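*Asks:*
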Amino acid sequence: MSRAVYLDGITKRFPGVIANDDVDLAVESGSIHALLGENGAGKTTLMNVLYGLYEPTDGQVVINGDPHDFDSPRDAIDAGIGMIHQHFMLVDTLTIAENVVLGNEPRKWGGLAMDRNRAEREVRELSERYGFDVDPNALVEDVSVGVQQRVEILKALYRGADVLILDEPTAVLTPQEIDDLLAVLDELTAQGKSIIFITHKLGEAMDAADQITVLRDGKNVGSVDTDETSREELAELMVGREVLLETEKSANEPGDTVLSVSDLTVTDERDVVQVDDVGFEIREGEVFGIAGVDGNGQSEVIESVTGLETPDDGRVEFFGDDVSETSRRKRIDSGMAYIPQDRHEQGLVMEFDLVENGLLGSQRTRPFSNDGRIDWDRTRMHAEDIIEEYDVRPPNADASAESLSGGNQQKFIVGREFARDPSLVVAAHPTRGVDVGSIEFIHDRLLDLRAEGKAIFLVSSKLDEVQQLSDRLAVMYEGEIMDVVDPNRVTEEELGLLMAGERPEEAPSIGGEAQ
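Going by the UniProt record's numbering, the final residue of the sequence shown carries number 515, and the count climbs one at a time with no gaps.
(1) Does DSSP put residue 512 in a helix, in a strand, or in coil?
(2) Among the residues of its own chain, which have a CB less than 6 Å from the CB of residue 219, if the five just before and after it don't count?
(3) Can you tell me where the alpha helix (DSSP H) holding residue 73 begins and where it ends?
(4) Starting from residue 158, trace the beta strand (DSSP E) both ways and give me its first and last residue.
(5) By Cβ distance, which residues of its chain are closer than 7 Å to residue 327, with the 5 residues on each side in sequence left out?
(6) For a test of the three-state rule: what should DSSP assign to residue 284, helix, strand or coil?
(7) Mind checking which residues open and close the alpha helix (DSSP H) that includes residue 44?
(8) Measuring only the C-alpha atoms, how far is residue 300 from residue 424?
(9) Judging by CA-CA distance, which residue of 371, 38, 12 is the nearest neighbour of residue 49?
(10) Say whether the region 402-411 touches the region 245-253, bearing in mind that this needs 3 or more beta-carbon pairs closer than 8 Å, one atom from each stretch.
(11) My parser needs the alpha helix (DSSP H) runs of 4 or more residues fully inside the region 231-287; what are they?
(12) Which residues in the same chain have their Cβ closer than 6 Å to the Cβ of residue 405, if we skip the five residues on either side of it in sequence?
(13) Applying the 10 Å Cβ sphere with the 16-neighbour rule, what's the burial state of residue 74?
(14) Would you mind sorting residue 14 into buried or exposed? The rule is 16 or more other CB atoms within 10 Å of its CB.
(15) Going by C-alpha to C-alpha distance, which of 173, 132, 140 sits closest to residue 498?
(16) Could you give the distance in angstroms between the alpha-carbon of residue 58 and the alpha-carbon of residue 503?
(17) Could you check what DSSP says for residue 445 in three-state terms: helix, strand or coil?
(18) Assuming residue 19 is part of the beta strand (DSSP E), what are its boundary residues?
(19) If I'm right that residue 140 touches residue 302 with Cβ under 8 Å, what's the distance once you round it to whole angstroms?
(20) Rounded to the nearest angstrom, how far is the Cβ of residue 339 from that of residue 413, given a contact under 8 Å?
(21) Can you tell me where the beta strand (DSSP E) holding residue 68 begins and where it ends?
(22) If distances are taken between C-alpha atoms only, which option among 447, 126, 205, 388 comes closest to residue 166?
(23) Taking residue 207 as the reference, which of 486, 293, 36 has the closest Cα?
(24) Report, in whole angstroms, the separation of the C-beta atoms of residue 33 and residue 195, which I expect to be a contact under 8 Å.
(25) Which residues share a DSSP beta bridge with residue 370?
(26) Return the bridge partner residues of residue 480 from the DSSP annotation.
(27) Rounded to whole angstroms, how far is the Cβ of residue 126 from the Cβ of residue 158, which I believe are closer than 8 Å?
(28) Who are the Cβ neighbours of residue 436 in its own chain at under 6 Å, not counting the five residues just before and after it?
(29) Please report the residue range of the alpha helix (DSSP H) in which residue 357 lies.
(30) Just the C-alpha distance for residue 61 and residue 400, rounded to the nearest angstrom, thanks.
(31) Would you report the Cα separation of residue 350 and residue 114, rounded to the nearest angstrom?
(32) To the nearest angstrom, report how far apart residue 169 and residue 17 are at their CA atoms.
(33) Here's a check: name, in chain order, each residue in its chain whose Cβ is nearer than 6 Å to the Cβ of residue 211, leaving out the five neighbours to either side.
(34) Nearest to residue 482 by CA position, among 192, 67, 489, 292, is which residue?
(35) Between the region 129-149 and the region 83-98, do three or more beta carbon pairs fall short of 8 Å?
Okay, here's the thing in structure tokens:
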């Protein structure tokens, strides 16, 4: 089999950083090749070199045996490379056909106007050729996220792409949409296209790819055939040590109610309802999870619970007290810890060092503050304890938060919040951007808190995470809780239907308002 792409010794340096270090990558024609690695491993940088967004510091890009020097994405497109980014680049108010041909419109009347009939016909023919099943006349704003992704792929195919790069393509898809995407990719490769699939998800790489290359710290640490490897081997390549992938959760009897949310309603600045009459309870020694595609009201629920937003209606009770309008600081003092969904905006002051960031939320309480004066020696010891226990790198309490990678920033926040000895932990995407080994550690610590009788409110876009950790699992769609299910009994298909707004006929419900 011939090589569609060969990256020969690619090195990419930025000031003070080597993002890619002498990386070789061979992609066979008509295959799906997964590029696997944690955030910051160099995956997207390497693909940006292939797509012409970055010029390599050293090394050579070879397409179908011919060396290329790309000065821009236009050069890469002309060489048959297409890239589908994680965040779609579509115009919502245009039709699918208009989006696909945008910038390359077929013309009529001597080039004075776009030939809409021809554009529609060509997009329809392209869609039918690859089994995409899209309506060229539909407005992008009216179709699902899964269909929008197909539109992005059609855009690349319309421009003649033979090699398609997909950057974290399943991040916003339901399980059913992921299955549909994999079927589309199989059809593309059957017709001779080559796919490079960027992901940090082990199972996804195993399911989708023919070959897998693992990057760690900017280096290629292994390229393997999928049928000759395992999730355990890939995890070890990603992290550099053996990793326990399955979370072991012991039986636990929940205690008294810690958090009660009832009739919660939140509208945005345009008076559009984002959370619609939501209610649930969380008890001592219990992990209550919320699953759903991002943007279905989870953020607004979190902000209402933690005090970052005041709901328009409904009540939030913490140990029986109405805290719906209580400040964030008072909720911290009462025993509510929060791992925020946006670590930059809500979790850290980026220009502060780790000593100062470790103090956030505790600057007025003992043992860090006495009579309004901060005990900086005690505060430094606190930061150093977090750094050591959570393996924050570099292990320097004087380092600024902005100098750390995203994964290390996340580990520091998790350590700070767990150190509060909280009664309730609100964990929003707690393992976002951290490596497989750190995910294992954070999961174990969450379950340790559960065993100690703490209440855990877990919101995550990682379906396997909420399903493994939760004792009860709610699914949100368009601001409503579709159902609360037993995560040990519900299937991925049933969860996918709930995430898409459909109720399975026999889903293992355990109560819509989680009594």
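Positions of the beta carbon are idealized from the N, C-alpha and C atoms, including for glycine. Nothing here was measured: the structure is a model prediction, and the numbers come from that model.
*Replies:* If we stick to the structure as given:
(1) With a pLDDT of 48 at residue 512, under the threshold of 50, the predicted position of this residue should be treated as unreliable, though the coordinate-derived value follows. Residue state, collapsed to three classes: coil.
(2) 21
(3) 73-78
(4) Here residue 158 belongs to no beta strand (DSSP E); instead the alpha helix (DSSP H) covers 145-158.
(5) Result list for residue 327: 307, in chain order.
(6) coil
(7) Start and end: 43-50.
(8) When rounded, the distance between both Cα atoms is 18 Å.
(9) 12
(10) no
(11) 231-239
(12) 40
(13) exposed
(14) exposed
(15) 173
(16) The C-alpha of residue 58 lies about 53 Å from the C-alpha of residue 503.
(17) helix
(18) From DSSP, the beta strand (DSSP E) with residue 19 extends over 17-28.
(19) Going by Cβ atoms, the distance from residue 140 to residue 302 rounds to 29 Å, so no, they are not a contact pair.
(20) 6 Å
(21) 66-68
(22) 205
(23) 36
(24) 7 Å
(25) 373
(26) Beta-bridge pairing links residue 480 to 477.
(27) 6 Å
(28) 235, 238, 239, 243
(29) 354-359
(30) 37 Å
(31) Residue 350 and residue 114 have their alpha carbons spaced roughly 48 Å apart.
(32) 27 Å
(33) 33, 225
(34) Ranking 192, 67, 489, 292 by Cα distance to residue 482 puts 292 first.
(35) They touch, by the three-pair rule.
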